[in-house]
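Asker: Okay, handing you the structure first.
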Amino acid sequence: MVNGLRGHKAVIAKLGFDAHWRGVIIIANALRDAGMEVVYLGHASAEDIASAVVQEDAILLGLSTLSGNHLGECPSVMEQLRVVGADDVVVVLGGTVPAADVPELEADGVAAVFPTGSSVPDLLVLIEELVVEQDAARRKAGSL
Amino acid sequence: MSSPEVSPESTASGLELPAYGRPDDVGPTAASERPGSFPFTRGIHEGMYRNRPWTMRQLAGFGRATDTNARYRALLAAGATGVNGVFDYPSLRAFDSDHPLARSDVGRGGVAVDVRDDFDDLFAEIPLDKVSVSLVSSQPIGAVAHLAMFVQAAQRRGIPKAALSGTSQNDFLMETAITIAPQALPPVGSFQLECDLIEYAITELPRWNPVSISGYNYREAGADAVLESALTLTHAQAVTHELIRRGHAPEAFLSRISFFLNAHSDFFEEIAKFRAARRAWAKWVRDDLGVAHEPSQRFRFHVQTSGVSNTARHAHVNIARSMTQGLSAVLGGTQSLHINGFDEAVSIPSEHAAMTALRSQYVLLHETGVAKSADPLGGSYLVEHLTDVMEERVQDVVAQIDAMGGVVPATERGWVHAELSRLSFEAQKAIDDEEQLIVGVNTMNDGADVPVEIFRLPTDTLAKQSARLAEVRSRRDTQAAASAVEEVGQAAVAKVNVMPAVERAVEQDATLGELGAVLRTSLGLWDFPLW
Numbered sequence: 001m002v003n004g005l006r007g008h009k010a011v012i013a014k015l016g017f018d019a020h021w022r023g024v025i026i027i028a029n030a031l032r033d034a035g036m037e038v039v040y041l042g043h044a045s046a047e048d049i050a051s052a053v054v055q056e057d058a059i060l061l062g063l064s065t066l067s068g069n070h071l072g073e074c075p076s077v078m079e080q081l082r083v084v085g086a087d088d089v090v091v092v093l094g095g096t097v098p099a100a101d102v103p104e105l106e107a108d109g110v111a112a113v114f115p116t117g118s119s120v121p122d123l124l125v126l127i128e129e130l131v132v133e134q135d136a137a138r139r140k141a142g143s144l
Numbered sequence: 145m146s147s148p149e150v151s152p153e154s155t156a157s158g159l160e161l162p163a164y165g166r167p168d169d170v171g172p173t174a175a176s177e178r179p180g181s182f183p184f185t186r187g188i189h190e191g192m193y194r195n196r197p198w199t200m201r202q203l204a205g206f207g208r209a210t211d212t213n214a215r216y217r218a219l220l221a222a223g224a225t226g227v228n229g230v231f232d233y234p235s236l237r238a239f240d241s242d243h244p245l246a247r248s249d250v251g252r253g254g255v256a257v258d259v260r261d262d263f264d265d266l267f268a269e270i271p272l273d274k275v276s277v278s279l280v281s282s283q284p285i286g287a288v289a290h291l292a293m294f295v296q297a298a299q300r301r302g303i304p305k306a307a308l309s310g311t312s313q314n315d316f317l318m319e320t321a322i323t324i325a326p327q328a329l330p331p332v333g334s335f336q337l338e339c340d341l342i343e344y345a346i347t348e349l350p351r352w353n354p355v356s357i358s359g360y361n362y363r364e365a366g367a368d369a370v371l372e373s374a375l376t377l378t379h380a381q382a383v384t385h386e387l388i389r390r391g392h393a394p395e396a397f398l399s400r401i402s403f404f405l406n407a408h409s410d411f412f413e414e415i416a417k418f419r420a421a422r423r424a425w426a427k428w429v430r431d432d433l434g435v436a437h438e439p440s441q442r443f444r445f446h447v448q449t450s451g452v453s454n455t456a457r458h459a460h461v462n463i464a465r466s467m468t469q470g471l472s473a474v475l476g477g478t479q480s481l482h483i484n485g486f487d488e489a490v491s492i493p494s495e496h497a498a499m500t501a502l503r504s505q506y507v508l509l510h511e512t513g514v515a516k517s518a519d520p521l522g523g524s525y526l527v528e529h530l531t532d533v534m535e536e537r538v539q540d541v542v543a544q545i546d547a548m549g550g551v552v553p554a555t556e557r558g559w560v561h562a563e564l565s566r567l568s569f570e571a572q573k574a575i576d577d578e579e580q581l582i583v584g585v586n587t588m589n590d591g592a593d594v595p596v597e598i599f600r601l602p603t604d605t606l607a608k609q610s611a612r613l614a615e616v617r618s619r620r621d622t623q624a625a626a627s628a629v630e631e632v633g634q635a636a637v638a639k640v641n642v643m644p645a646v647e648r649a650v651e652q653d654a655t656l657g658e659l660g661a662v663l664r665t666s667l668g669l670w671d672f673p674l675w
C-alpha cells in the first residue's frame, strides 16, 4: 500500500493531439485513490502545462501519449519547465514509448517512463519513491 | 446454472458461464434459425463465405499520402481485398498540418492530409471503381471534408460518384467521448454533421456506406462487450430516427448503415456478441421500426482485433492473440476484417508486421477450413446460451440509455465517459490483482524479451505538408476560397446540410483546417466531462 503520496498534488496532461485517454484516466484515478490531489488538464500546450505546475505547486507532472509524439512534445515541456523555474517537479511519462527512446527522455529530465503494459501498483511505488525524495529535497531547500 | 461443486466462472464481461453447456441452455428458437433469414443470428447471407470471403481490409496510414499510397499498393499486391485508410490526429480533427498544436503529430497514427491534392496522391493508381475504400475519418468534423476531397480526387481521374464504393467512419461519439482532443464539437453539433454526411451519401453516392457505427473504439477505451454492443445499437437507432425526421424512408438508408466491432480476447463471448448484435438489430428494425425490407434488417460489420489486448513485452505473442481474435470474428460472421500487426503496442505497423497480419487472414481462409460452413458454432449449447444472455444484457443497457433520451443526451451528460472510465479502471485492477492473467504482463513474463523492430516514420512529413499548404494557399483564388468556407459555416448554423457547401469549398482548394475552423466557430466547442 502506497502512503507517501497522500496530500501531494499532481498535474496530468495529454501531449499534442494524441487521443487515447484510457491510460491517463486510469493513472489519474489510481493517484487519487492513493490520496493525491489530481489536476487533469486534458490536452495542453507546453506553456500551459508549465504554468499549471507553478500555479498548483505540483510535485508530480504526469504526461501521457500513445501517438509517438513524445520526442517532439516532451522536450518542449521540459524546456518550458526550466523557463518558468519549475524543473524540480517530478516528471513521468506514460504511453507507447519504445525503450530505445527512454535514455534521450531521461537525459532531458524525465524521471520515469511507463510503457504500455506497466503494472499500476509497481508504478505507484516508483512514483511514491520519487515524490517522497523530491519532497524531502524541497523541505531541505526550504529550511536552509 | 453451474453445478454446485464447480466454482462459478464468468466471461470477461461478467456473463455467467456454466461448467458445460446443456441442451436446455439453448433457447427455443435456435433450432429453426438459418443463416440469411430473420433474425440473422447465424449470418446475413445463407452461403456466407462460400459465396464471398470476408474483405481483407488491413488498416494503414502514416507519413504523407505518397508514403501511405505505397503501403496500400503493397497490401493490395499481397492479397488485401479492400483499402482501410486511417488519418493522423490533426487530419481526423480537421486541423492543418502547419497548425502550432499539430506539429508533433503530423503523419503519426495515420496519414497527413490537408487539401484535395493529398487525396490524389493517396489513391494514385488504385482502381477506385473496383476496390472499396474505407476512410477511417472517425470524427464527423474531418469526415465531411475528407469525403468531399476523396470524391473530387476520383472525379478528377474520371471516376464518377456512382462508381465509388466504400465507407466513412463518421461517428460523433469518436469526437465527443472516445478520442479526447482539443477543441471538440459538442455532441449535438457533431451528430448534426454525421447525419449531414449520411444524408448526402444516400442521395449522391449509391455505393457508399456513409457511417460505420463504431463499437470498436468504445471497447478499446474501456467498454465491456455489453456496453460496446449497447452503444452501437443505440447510436444506430439515433441515426435512424434523425434520418426519418429529415424525411428519408428507412428502406432508403438502413441497408447503407454499417457497423464496426472489436474482436477481444474472450473467444466465445465475442462470437456470442457478434451473433447477438445481428439478432438485436434485426428485431429492432422489424419489430420496433416496422420495416419488413430484409436488406434493412441486416447488421453488416467490419471487425478489428483488439489493440488494447496486445502487449509490448513478448510482442510476437500478439500474433497468437490476434489470430484467435480474428478467428472469433470469422466464426461470428463478419463481413470484413483487420488483424492487428504484432507491433501494435510498440509502434504503428511495420510492413513486415502488416504483411504477417494479412497472411494470417489467409491462413484462416485457406488452411483452417472454418470458412466453409456458415455459423459453424450455431447450435453449440454454450454459444447459443451466451448469445441469448448477451442479447438480454445488451437490451438492459439499451433501455438504460433510452431512459436518458438516447445516446446523444447520454453523451452530453457524461454518462458514456463515466461508464468507460469505470470499466477501464476495473479492467486494470483485475490485471493488477491477477484476477485476469495476461501473458507478458502479469504471468509468463520472465525470460529474455525479443524486441520487435520499431517502425520509424518518415521525418519529412511536416516540412513537406507545410510546403504543399503554402503552395496551395498561394495559387488559389483566396477570396473565392474564403467565401466558400464562410458558406459552410452559414449552412451549419442554419442547420442546412453542409455537404454541398463543403464540396464547393473543396473545389476552391479550401484546406481541411479552414473547414474545421469554420465548423468549430459555427457549432461551438465542448469540454469533455472526463474528469
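If you're matching them up, the sequences are chains A and B in order. Under our numbering, think of the first position of the first sequence as 1, with each following residue one higher. Under our numbering, think of the first position of the second sequence as 145, with each following residue one higher. No residue lacks a Cβ here, since even glycine has one placed at the ideal position from N, Cα and C. Remember, it's a predicted structure, so these values are computed and weren't measured experimentally.
Under 7 Å between beta-carbons, which chain B residues line up against P98 (chain A)? List them in chain order, please.
Answerer: Sequence index remark: in the first sequence, residue 98 (chain A) carries index 98 (1-based). The answer, in chain order, is V490, S491, I598.
Asker: Work out the CA separation of G451 (chain B) and R22 (chain A) for me, nearest whole Å.
Answerer: Walking along the first sequence from the start, residue 22 (chain A) turns up at place 22. Walking along the second sequence from the start, residue 451 (chain B) turns up at place 307. Taking the straight line from one Cα to the other gives about 13 Å.
Asker: Is the CB of G72 (chain A) under 8 Å away from at least one CB in chain B?
Answerer: Counting from 1 along the first sequence, the entry for residue 72 (chain A) is found at position 72. Yes, its Cβ sits closer than 8 Å to a Cβ of chain B.
Asker: Taking 8 Å as the CB-CB limit, is N586 (chain B) close to chain A?
Answerer: The residue you call residue 586 (chain B) lines up with position 442 of the second sequence. Yes, N586 (chain B) counts as interfacial toward chain A.
Asker: Return the CA-CA distance between V92 (chain A) and G359 (chain B), expressed in angstroms with no decimal places.
Answerer: Here residue 92 (chain A) refers to the residue found at position 92 of the first sequence. Here residue 359 (chain B) refers to the residue found at position 215 of the second sequence. Distance between the alpha carbons of V92 (chain A) and G359 (chain B) is about 32 Å.
Asker: When you compare the region 304-317 of chain B with the region 349-368 of chain B, are there three or more beta-carbon pairs, one atom per stretch, that lie closer than 8 Å?
Answerer: They touch, by the three-pair rule.
Asker: Spell out whether any CB of chain A is found under 8 Å from the CB atom of T555 (chain B).
Answerer: Position 411 of the second sequence, counted from the first residue, corresponds to residue 555 (chain B). Closer than 8 Å: no.
Asker: Using DSSP bridges, identify the partner residues of K14 (chain A).
Answerer: As a position in the first sequence, residue 14 (chain A) is number 14, starting the count at 1. Answer by DSSP bridge pairing, in chain order: A:H43, A:S64.
Asker: Per DSSP, I388 (chain B) is paired with what?
Answerer: For this step, residue 388 (chain B) is matched to residue 244 along the second sequence. Per DSSP, none; premise fails for I388 (chain B).
Asker: Whole angstroms is fine: what's the gap from R194 (chain B)'s alpha carbon to V435 (chain B)'s?
Answerer: In the second sequence, counting from the first residue as 1, residue 194 (chain B) sits at position 50. In the second sequence, counting from the first residue as 1, residue 435 (chain B) sits at position 291. Approximately 29 Å, taken between the alpha carbons.
Asker: Would D18 (chain A) count as contacting chain B if we go by Cβ distances under 8 Å?
Answerer: Taking the first sequence and counting its residues from 1, the one referred to as residue 18 (chain A) is at position 18. True, the Cβ-Cβ gap to chain B drops below 8 Å.
Asker: Please state whether the Cβ-Cβ distance between A107 (chain A) and Y233 (chain B) is less than 8 Å.
Answerer: The count along the first sequence starts at 1 and reaches residue 107 (chain A) at position 107. The count along the second sequence starts at 1 and reaches residue 233 (chain B) at position 89. Result no, Cβ atoms of A107 (chain A) and Y233 (chain B) do not sit closer than 8 Å.
Asker: Alpha carbon to alpha carbon, how far is L387 (chain B) from V650 (chain B)? Give it in angstroms, no decimals.
Answerer: Along the second sequence, one-based indexing puts residue 650 (chain B) at 506. Along the second sequence, one-based indexing puts residue 387 (chain B) at 243. About 25 Å.
Asker: Terminal residues of the continuous beta strand (DSSP E) containing G94 (chain A)?
Answerer: Residue numbering aside, residue 94 (chain A) sits at position 94 when the first sequence is read from its first letter. Note, G94 (chain A): beta strand (DSSP E), 90-95.
Asker: Give a yes or no on whether 8 Å exceeds the smallest Cβ distance from P234 (chain B) to chain A.
Answerer: Here residue 234 (chain B) refers to the residue found at position 90 of the second sequence. Cβ-Cβ to chain A under 8 Å: yes for P234 (chain B).
Asker: Check this for me: beta carbons of S409 (chain B) and R465 (chain B), under 8 Å apart or not?
Answerer: Indexing the second sequence from 1 puts residue 409 (chain B) at position 265. Indexing the second sequence from 1 puts residue 465 (chain B) at position 321. A contact, by the Cβ cut-off of 8 Å.
Asker: Using a cut-off of 9 Å between C-beta atoms, extract the partners of P115 (chain A) located in chain B.
Answerer: Numbered from its first residue, the first sequence carries residue 115 (chain A) at position 115. Near P115 (chain A) (Cβ distances below 9 Å), the residues of chain B are A456, R457, A489, V490.
Asker: Can you give me, in chain order, the residues of the region 344-370 of chain B that have a beta carbon less than 8 Å from any beta carbon in chain A?
Answerer: Under the 8 Å Cβ criterion, the region 344-370 of chain B contributes E364, A365, G366.
Asker: Are V632 (chain B) and V642 (chain B) touching if we call contact CB-CB under 8 Å?
Answerer: Position 488 of the second sequence, counted from the start, is the residue given in the question as residue 632 (chain B). Position 498 of the second sequence, counted from the start, is the residue given in the question as residue 642 (chain B). It is a contact, given that the beta carbons lie within the stated cut-off.
Asker: Check I27 (chain A) in the structure and name its three-state DSSP category.
Answerer: Counted from its first residue, the first sequence places residue 27 (chain A) at position 27. Of the three classes helix, strand and coil, the one that applies to I27 (chain A) here is helix, per DSSP.
Asker: Ignore the nearest five residues each way along the sequence and tell me which others in I346 (chain B)'s own chain have a CB closer than 7 Å to its CB.
Answerer: In the second sequence, counting from the first residue as 1, residue 346 (chain B) sits at position 202. Same-chain partners within the cutoff: P354, H392, A396, F397, R400.
Asker: Verify the CB distance criterion: does S119 (chain A) have a CB-CB separation below 8 Å to chain B?
Answerer: Within the first sequence, residue 119 (chain A) is the residue found at index 119, counting from 1. By this cut-off, S119 (chain A) is an interface position.
Asker: I'd like the list of long-range same chain contacts for L475 (chain B), defined as Cβ closer than 7 Å, with 5 residues on each side in sequence excluded.
Answerer: The residue labelled residue 475 (chain B) in the question sits at position 331 within the second sequence. Closer than 7 Å at Cβ, skipping near neighbours: I415, V514, P520, L521.
Asker: Within its chain, find whatever has a CB closer than 8 Å to the CB of A562 (chain B); leave out the 5 residues flanking it on each side and keep chain order.
Answerer: Your numbering for residue 562 (chain B) matches position 418 in the second sequence. Excluding sequence neighbours, A562 (chain B) sits near P673.
Asker: Output the distance between the C-alpha atoms of S45 (chain A) and S51 (chain A), rounded to the nearest integer angstrom.
Answerer: Counted from its first residue, the first sequence places residue 45 (chain A) at position 45. Counted from its first residue, the first sequence places residue 51 (chain A) at position 51. Taking the straight line from one Cα to the other gives about 10 Å.
Asker: Which of the three DSSP states is assigned to P115 (chain A) in this structure?
Answerer: For this step, residue 115 (chain A) is matched to residue 115 along the first sequence. Strand, per DSSP.
Asker: Under DSSP, the alpha helix (DSSP H) around S334 (chain B) begins and ends at which residues?
Answerer: By 1-based counting over the second sequence, the position of residue 334 (chain B) is 190. From DSSP, the alpha helix (DSSP H) with S334 (chain B) extends over 331-348.
Asker: Alpha carbon to alpha carbon, how far is Q381 (chain B) from T478 (chain B)? Give it in angstroms, no decimals.
Answerer: Reading the second sequence from its first residue, position 334 is the one you call residue 478 (chain B). Reading the second sequence from its first residue, position 237 is the one you call residue 381 (chain B). If I take the Cα positions, the gap works out to 21 Å.
Asker: If you pair each beta-carbon of the region 225-240 of chain B with each one of the region 199-212 of chain B, do three or more pairs fall below 8 Å?
Answerer: Cβ pair count under 8 Å is three or more, so yes.
Asker: Three or more C-beta pairs closer than 8 Å, one from the region 242-251 of chain B and one from the region 276-285 of chain B: is that the case here?
Answerer: As far as the Cβ criterion goes, the region 242-251 of chain B does not touch the region 276-285 of chain B, which means the pair count is below three.
Asker: Hey, quick one: how far does the beta strand (DSSP E) through Q448 (chain B) stretch, first residue to last?
Answerer: Along the second sequence, one-based indexing puts residue 448 (chain B) at 304. Start and end: 445-449.
Asker: Going along the chain, which unbroken runs of the alpha helix (DSSP H) with 4 or more residues stay wholly within the region 535-567 of chain B?
Answerer: If we require 4 residues or more, the alpha helix (DSSP H) runs fully inside the region 535-567 of chain B come out as 551-556.
Asker: Reducing DSSP to helix, strand and coil, say where M192 (chain B) ends up.
Answerer: Residue 192 (chain B) sits at position 48 when you count from the first residue of the second sequence. M192 (chain B): helix per DSSP, three-state reduction.
Asker: For chain A, find out if any of its Cβ atoms is closer than 8 Å to the Cβ of T212 (chain B); answer yes or no.
Answerer: Taking the first residue of the second sequence as position 1, residue 212 (chain B) is located at position 68. With 8 Å as the cut-off, T212 (chain B) does not count as an interface residue toward chain A.
Asker: DSSP state of N361 (chain B), grouped into three classes?
Answerer: As a first step, residue 361 (chain B) must be located in the second sequence, where it is residue number 217. Looking at N361 (chain B) - three-state DSSP - the assignment turns out to be helix.
Asker: Within a Cβ cutoff of 8 Å, which residues of the same chain sit near D87 (chain A), ignoring the five residues on either side of it in sequence?
Answerer: Here residue 87 (chain A) is taken as the residue at index 87 of the first sequence, counted from 1. Hits under 8 Å: M78, L81, G109.
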